[in-house]
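Residue numbers (our numbering), protein chains in the order written: chain H, 1 to 254; chain Y, 255 to 508; chain Z, 509 to 762. Ideal placement from N, C-alpha and C gives every residue a C-beta, glycine not left out. It should be emphasised that the depicted structure is a prediction, and the values quoted were computed from it without experimental measurement. Below is one structure, written out as structure tokens, with a few remarks after it.
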Amino acid sequence: MTDFGTEDGYVGAMKGRIFSIAPQATIVDITHQIPRYNIRFASFTLLNIFPYFPEGSIHVVVIDPGVGSRRRALLMEVGGKIIICPDNGVASLIFDRYKELKIYSIGTDWISWDISTTFHGRDIFAPAAAVLAAGKEPDEIASPLNEPPVNFMLPISLLGQKRLQLRVLHIDHFGNIITNLHKSQFEELGIHEGVKLKVTHGFIYGIKKTYSDVGRGQYLLLWDSSGYLEIAQNQGNAALSMNIKENDELILEY
Amino acid sequence: MTDFGTEDGYVGAMKGRIFSIAPQATIVDITHQIPRYNIRFASFTLLNIFPYFPEGSIHVVVIDPGVGSRRRALLMEVGGKIIICPDNGVASLIFDRYKELKIYSIGTDWISWDISTTFHGRDIFAPAAAVLAAGKEPDEIASPLNEPPVNFMLPISLLGQKRLQLRVLHIDHFGNIITNLHKSQFEELGIHEGVKLKVTHGFIYGIKKTYSDVGRGQYLLLWDSSGYLEIAQNQGNAALSMNIKENDELILEY
Amino acid sequence: MTDFGTEDGYVGAMKGRIFSIAPQATIVDITHQIPRYNIRFASFTLLNIFPYFPEGSIHVVVIDPGVGSRRRALLMEVGGKIIICPDNGVASLIFDRYKELKIYSIGTDWISWDISTTFHGRDIFAPAAAVLAAGKEPDEIASPLNEPPVNFMLPISLLGQKRLQLRVLHIDHFGNIITNLHKSQFEELGIHEGVKLKVTHGFIYGIKKTYSDVGRGQYLLLWDSSGYLEIAQNQGNAALSMNIKENDELILEY
């Protein structure tokens, strides 16, 4: 997963390096269209794909505006799966969901080639994944992290009078608006589904099961496929129609 | 093949699930840039790639505006190859070309995880392909279809006076305009190649062999690489230059 | 690597054909977003990914505005790696960097299917790679080239008075401007790093190590990850901000 786009050869060079080290590897493109430098977007995407991959998978995430600076390179291990990424918050939602994560800082002792100052994806992150795929253990290339990793938070605020302040976590390809309210929190709060969400020209009432529970062009609330509260427009683009953007605040009444 | 785009983690989650069920699978991205909900576009793309894949290939097509509604999930078998898709017309051109197709409706008995109402790509279609790749037979997850599948038609109309009314089946990445007239129909009608196609400011005459048979910027007719009549502009974008859109009508005289 | 985009089935058909001939092949997408017909862009991308791939890799490059004309199809061999592409200059930067290249012209004797006049990617280039992957030798499908291949050149001009005229070789996804001045030429000229580059509203001074050596939004010069002189804007889009385009001229003083 990168924000490199697919026009240039950046991703190709990373793949080449992986195959040079681990010819038997299977490389899976998650996405290279993360909006440039958008750490939050990448964090959400990582959280959404990670549970579906099997043990032994190694996830390389390169959204790295601080490349060449002194930011650390992280290696994380949980449930037999590994994540490799810069220490810039891109794994924040993973920290939040997987409390049993082991976190290491990747060194450079194991690297025999020149490390460019602008492309650690090719020179550190992808090769780190490749040497693990080829049989090295995490502690051969990394050491335990001695300071906490960079983390961003998007808390839900309880406003009182049965109101919650949510934030927009993500706008997806279809214009669906994904909020930071997870079904598990909703259930912890003991909320019945008689909710209403305030939007520009009124309210959206209740939580539906699927898009086609409302007419074409109508808005609805539902739990998205990862368990977050989503605002959608049946066969339309909710974010565009309602002019809602990432990180916007929303008020949910119950 | 999906209309999910490649910005989000949707395709990644499908791939993760496939590898969790069938670790030895080879996953081939056809395209995830099918225009949103454009069943006709996907149908044309499927028809164009299907013949080139070998026996044993399993094609997963998720263009699914009706996800979560009662639309069926199809499994089709022809020539040792399988197609898995929603029953919404996306396989119409395949129905038309492969009369010997065996068609099944996919059940959910074999599924042990929660099925979300909004993402059957991850929860039904991709896993159906994966369990087949891992050795299951179609009749272990699907049963024969008892009603005909959804089908869209784009017939060619004979207008008399040696005129045919065609429709635009597809505009490709280069702006080439692909019509619904296949070379085999053309030959059945016994047309000689002295044809002319009416466009906004005049006619395009004759059928050429290749783009460079005309000067740069000039229009031409030719048979596209799948055998459909195509309108092109040498090193230009015919659809943009002539303002022609998908599903437009065109008159061919012969 | 192609300029076919990923909306249509063109790339998928190429992949299908490869798997039909060489079922054990591993296919790696480099990019299908090369700007249409942009041979220079593709040449630069190929140069940037090629060194990172292992021996035995076969690189298929289809940017082919002359498809169907009499342009030749090339097969090149260097360091145990192969490149297959049309003879239209797309390998120019490879010719320049790898003087020991063996170059062949691909014939069509070995092809048993119809060759369309518009899609040699599917009918010649991808299958040529596949038959090599499946064990054929280059001289079974190609013969030595008897005339030099098409080549484009982008020389650096020495203007005298310690000034060099550079050209913009490439604008990348981040808006970084890559010039045609390679670090090796720079060192051959014996230039100290006290350089200044003239841009619209002034000069950029000196060569930095990495983006974060300057403040957010500031411009800098640095050596890109392939060794070319690059103009960047820390966390910004230099090409957009300075309105600089591919092939523009730039003056470097030293």
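Beta carbon proximity, residue i to chain H, threshold 8 Å
| i | result |
| --- | --- |
| Z/His690 | no |
| Y/Tyr459 | no |
| Y/Lys269 | yes |
| Y/Pro403 | no |
| Z/Asp604 | no |
| Z/Phe518 | Looking at the sequence provided, one finds Tyr at residue 518 of chain Z rather than Phe. With 8 Å as the cut-off, Z/Tyr518 does not count as an interface residue toward chain H. |
| Z/Val536 | yes |
| Z/His709 | no |
| Z/Leu730 | yes |
| Y/Gly259 | yes |
| Z/His681 | yes |
Exposed unless 16 or more other CB atoms sit within 10 angstroms - verdict on residue i
| i | result |
| --- | --- |
| Y/Arg324 | exposed |
| Y/Gly375 | buried |
| Z/Trp621 | exposed |
| Y/Asp363 | exposed |
| H/His192 | exposed |
| H/Glu230 | buried |
| Z/Asp647 | exposed |
| H/Tyr205 | exposed |
| Z/Arg548 | buried |
| Z/Leu666 | exposed |
| Y/Asn434 | buried |
| H/Arg163 | exposed |
| Y/Gly471 | exposed |
| Z/Pro656 | exposed |
| Z/Leu760 | buried |
Counterpart residues of residue i in DSSP-defined beta bridges
| i | result |
| --- | --- |
| H/Ser157 | H/Gln165 |
| Z/Tyr713 | Z/Lys704 |
| H/Leu229 | H/Trp223 |
| H/Val28 | According to DSSP, which records beta bridges pairwise, H/Val28 is partnered with nothing at all. |
| H/Leu252 | H/Leu164, H/Leu197 |
| H/Ile58 | H/Ile82 |
| Y/Thr299 | Y/Thr299 pairs with nothing; no bridge assigned. |
| Y/Thr260 | Note: Y/Thr260 sits in no beta bridge, so no partner. |
Cβ of residue i within 8 Å of any chain Z Cβ
| i | result |
| --- | --- |
| Y/Pro308 | yes |
| Y/Gln489 | yes |
| H/Arg36 | yes |
| H/Val67 | yes |
| Y/Leu504 | no |
| Y/Thr464 | yes |
| Y/Ile431 | no |
Cut-off 7 Å between Cβ atoms - residues of its own chain near residue i, not counting five sequence neighbours on either side
| i | result |
| --- | --- |
| Z/Arg544 | Asp511 |
| Z/Phe711 | Lys704, Leu705 |
| Y/Ala279 | Ile272, Phe273, Ala384, Ala387 |
Close Cβ partners of residue i (< 8 Å) along its chain, the five nearest in sequence each way excluded
| i | result |
| --- | --- |
| Y/Thr454 | Met496, Asn497 |
| Y/Ile365 | Asp377, Ile378, Pro381 |
| H/Ser212 | Asn234 |
| Y/Thr372 | Val321, Gly322 |
| H/Ile82 | Ser57, Ile58, His59, Leu75, Met76, Ala129, Leu132, Pro138 |
| Y/Glu309 | Gly333, Gly334, Lys335 |
| H/Phe174 | Ala232, Asn237 |
| Y/Phe406 | Ile293, Arg294, Ser297, Gly343, Ser346 |
| Y/Ile369 | Thr362, Asp377, Ile378 |
| Y/Ser397 | Tyr358, Ser359, Gly361 |
Chain B within 8 Å of residue i, Cβ atoms only
| i | result |
| --- | --- |
| Z/Phe627 | The chain inventory of the structure shown lacks chain B, comprising the protein chains H, Y and Z. |
Close beta carbons around residue i, own chain, < 6 Å, minus the five adjacent residues each side
| i | result |
| --- | --- |
| Z/Pro573 | Tyr545 |
| Z/Arg580 | Asp595, Ser613 |
| Z/Lys556 | What sits at residue 556 of chain Z in the sequence shown is Asn, not Lys. Once the five neighbours on either side are set aside, the close Cβ partners of Z/Asn556 are Ser734. |
| Z/Val722 | Leu728, Asn742 |
is_contact[residue i, chain Y] using C-beta, thresh 8 Å
| i | result |
| --- | --- |
| Z/Asp595 | no |
| H/Lys81 | no |
| Z/Gly735 | no |
| Z/Pro531 | yes |
* Asked: What are the uninterrupted segments assigned as alpha helix (DSSP H) that are 4 or more residues long and contained completely in the segment 160 to 190 of chain H, given in chain order?
  -> 183 to 188
* In chain order, which alpha helix (DSSP H) runs of at least 4 residues are fully inside the segment 601 to 657 of chain Z? -> The segment 601 to 657 of chain Z contains these whole alpha helix (DSSP H) runs: 634 to 641, 646 to 649.
* **Every unbroken beta strand (DSSP E) within the segment 65 to 92 of chain H, with a cutoff of 3 residues, ordered by chain** => Counting whole runs of 3 or more residues, the segment 65 to 92 of chain H contains the beta strand (DSSP E) stretches 73 to 78, 81 to 86.
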